[in-house]
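Asker:
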Amino acid sequence: MPDVDGKSAGFIGYNARVSRSTAGSTGPWTPVPEVKSFDPAEVVVDEAEFTHLESPDKTKEFKATFKDGGTMAVVCNLLDPVLDAAGAVIQDAIVSDNGVQDANFYFKIEWRDDADTVRKTVIFPGYITGAKPPNTTITDPVDFNFSIRVTGAAVWS
-2 MPDVDGKSAG
8 FIGYNARVSR
18 STAGSTGPWT
28 PVPEVKSFDP
38 AEVVVDEAEF
48 THLESPDKTK
58 EFKATFKDGG
68 TMAVVCNLLD
78 PVLDAAGAVI
88 QDAIVSDNGV
98 QDANFYFKIE
108 WRDDADTVRK
118 TVIFPGYITG
128 AKPPNTTITD
138 PVDFNFSIRV
148 TGAAVWS
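Under this note's numbering, the sequence shown has 38 at position 41, and the numbering climbs by one with no breaks.
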């Protein structure tokens, strides 16, 4: 809803941060370095069909079953271990954790404004389902892509 002057209360993605914890939902948090973009997971509700021979108005009947937390995609710059050893270690840890399910693995997204004030946060459990550099060309930056499978409820604040 616009403010009293009619200006939007929206904000852009600049300063957003993706972090991970291997020690539970309260951290400590390690920021994923040089994130270029991310696409948060979309929760989808599965359904079961209960249509029967006497369904009203010949209309199919469905009931909601389980929520599927989805998969989040993250794109970062692939870091040179000579120029950014600490950042490369974090990326290597993400690759090493590919496919490892651990109840203590959590991820956090923070959307921040220009003053670095956190405007919105979501924390969720998950595990890495894929981590790799993409196709490499002679002119394009080399990206580091990884995916996170959401395994439980997200907490928004």
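Even for Gly, the Cβ is constructed at its ideal location relative to N, Cα and C.
Keep in mind that this is a model prediction, so the values were computed, not measured.
On the criterion of 16 or more Cβ atoms from any shown chain inside 10 Å, does M(-2) qualify as buried, or is it exposed?
Answerer: Position 1 of the sequence shown, counting from 1, holds the residue named residue -2. Counting Cβ neighbours within 10 Å, M(-2) comes out exposed, since fewer than 16 surround it.
Asker: When you compare the stretch 62 to 69 with the stretch 79 to 94, are there three or more beta-carbon pairs, one atom per stretch, that lie closer than 8 Å?
Answerer: No: fewer than three Cβ pairs fall under 8 Å.
Asker: For P28, which beta-bridge partners are listed by DSSP?
Answerer: If you number the sequence shown from 1, residue 28 lands on position 31. S16.
Asker: CB of I91 to nearest heavy atom of the ligand FAD: below 8 Å?
Answerer: The ligand FAD is absent from the structure shown, which contains no ligand whatsoever.
Asker: For S22, does the three-state DSSP call read helix, strand or coil?
Answerer: If you number the sequence shown from 1, residue 22 lands on position 25. S22 falls in the coil class under three-state DSSP.
Asker: Return the CA-CA distance between V139 and P131, expressed in angstroms with no decimal places.
Answerer: Residue numbering aside, residue 139 sits at position 142 when the sequence shown is read from its first letter. Residue numbering aside, residue 131 sits at position 134 when the sequence shown is read from its first letter. Going by the C-alpha atoms only, they are around 7 Å apart.
Asker: Would you kindly report the start and end of the unbroken beta strand (DSSP E) that includes A45?
Answerer: What you label residue 45 is simply residue 48 of the sequence shown in a count that begins at 1. First-last of the beta strand (DSSP E) with A45: 41 to 46.
Asker: In whole angstroms, what separates the C-alpha of S18 from that of N101?
Answerer: Numbered from its first residue, the sequence shown carries residue 18 at position 21. Numbered from its first residue, the sequence shown carries residue 101 at position 104. Distance between the alpha carbons of S18 and N101 is about 7 Å.
Asker: Checking the sheet assignment: what are the DSSP bridge partners for T68?
Answerer: Translated into the one-based positions of the sequence shown, residue 68 becomes position 71. T68 is bridged to R146.
Asker: So, under 8 Å CB-CB, T118 and E107 are touching, yes? Tell me the CB distance rounded to an integer number of Å.
Answerer: What you label residue 118 is simply residue 121 of the sequence shown in a count that begins at 1. What you label residue 107 is simply residue 110 of the sequence shown in a count that begins at 1. Right, their Cβ atoms sit about 5 Å apart.
Asker: What do you reckon, are the CB atoms on I125 and K105 nearer than 9 Å?
Answerer: Your numbering for residue 125 matches position 128 in the sequence shown. Your numbering for residue 105 matches position 108 in the sequence shown. No, the pair does not count as a contact, with Cβ atoms beyond the cut-off.
Asker: With a threshold of 7 Å on Cβ separation, who are the neighbours of D0 within its own chain once the five nearest residues in sequence on each side are excluded?
Answerer: Position 3 of the sequence shown holds residue 0. Hits under 7 Å: A6.
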